[in-house]
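For reference, the structure discussed in these notes is given below.
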Amino acid sequence: MDMFDLPYGMPVENEIDVSDGVILPFENGSITTYLGRRSTASGHRIVRAGRVVGWIAEPAKGKVLLCGKAAKERLESLEIDQHRLVARAWTQSALGSVAEIVPEAFEHSADMRG
């Protein structure tokens with residue numbers, strides 16, 4: 002299953018730390034995980050107010066994308082291997098449009114507000 006693209010946004014050049022509780026250097030946006038030399042994303046983290054609040058990831062098997070906690074766990078296991086992270090800053094309305102399309106990605110419903 003191919004991962005879909007999220008709003009493009011502005012590239013974030015800072016080094017990105019996706020550890021739990023870290024405040025990121027941009028307000029709203031996404032952090033996309035690419036494995037090895039692949040050009041297709043393996044998953045996305047969704048950022049609101051400088052922290053990761055949602056996750057989407059490709060499944061180990063099957064064709065249904067993982068969302069929320071299951072996606073977070075999948076991304077953490079995928080990122081044990083060589084990977085790269087690409088961060089993009091979004092407008093608040095872009096965040097809101099993603100929340101409308103994939104509300105399942107968000108751990109807490111309050112974080113879906115764009």
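Taking our numbering, the leading residue of the sequence shown gets 2, the next gets one more, and so forth.
Glycine is no exception: its CB is placed at the ideal position from the N, C-alpha and C atoms.
Check	Outcome
Run through DSSP, which three-state label would MET2 get?	Any answer about MET2 is weak, because its pLDDT of 45 lies below 50 and its placement is not dependable; what the coordinates show is given next. If DSSP states are grouped into helix, strand and coil, MET2 belongs with coil.
Could you give the distance in angstroms between the alpha-carbon of ALA106 and the alpha-carbon of ARG38?	26 Å
Under 7 Å Cβ to Cβ from PRO12, same chain only, skipping five residues before and after it: list those, please.	ARG89
Should ARG49 be labelled buried (16 or more other beta-carbon atoms within 10 Å of its own) or exposed?	buried
If you draw a straight line from the alpha carbon of ASN15 to that of TRP91, how long is it in whole angstroms?	15 Å
Would you mind working out which of ALA100, ALA61, LYS70, VAL87 sits nearest ALA42, comparing C-alpha positions?	VAL87
In terms of residue numbering, what span does the beta strand (DSSP E) encompassing LEU184 cover?	Coverage of the chain is limited to positions 2 through 115, which leaves residue 184 absent and any answer about it impossible.
Using only the alpha-carbon positions, how far apart do THR33 and GLY22 sit?	18 Å
Let's see if you can read the secondary structure: which residues bound the beta strand (DSSP E) around GLY44?	44–49
Determine the burial state of ILE47: buried for a count of at least 16 other Cβ atoms within 10 Å of its Cβ, exposed for fewer.	buried
Determine the burial state of MET2: buried for a count of at least 16 other Cβ atoms within 10 Å of its Cβ, exposed for fewer.	Confidence at MET2 is low in this model, with a pLDDT of 45, below 50, so the placement of that residue should be treated as unreliable; the coordinate-derived value is given next. Answer is exposed; the Cβ neighbour count stays below 16.
Using 7 Å as the cut-off, classify the Cβ of ILE102 as near or not near the heavy atoms of the ligand NAP, replying yes or no.	In the structure on display, the ligand NAP does not appear, and there are no ligands present to speak of.
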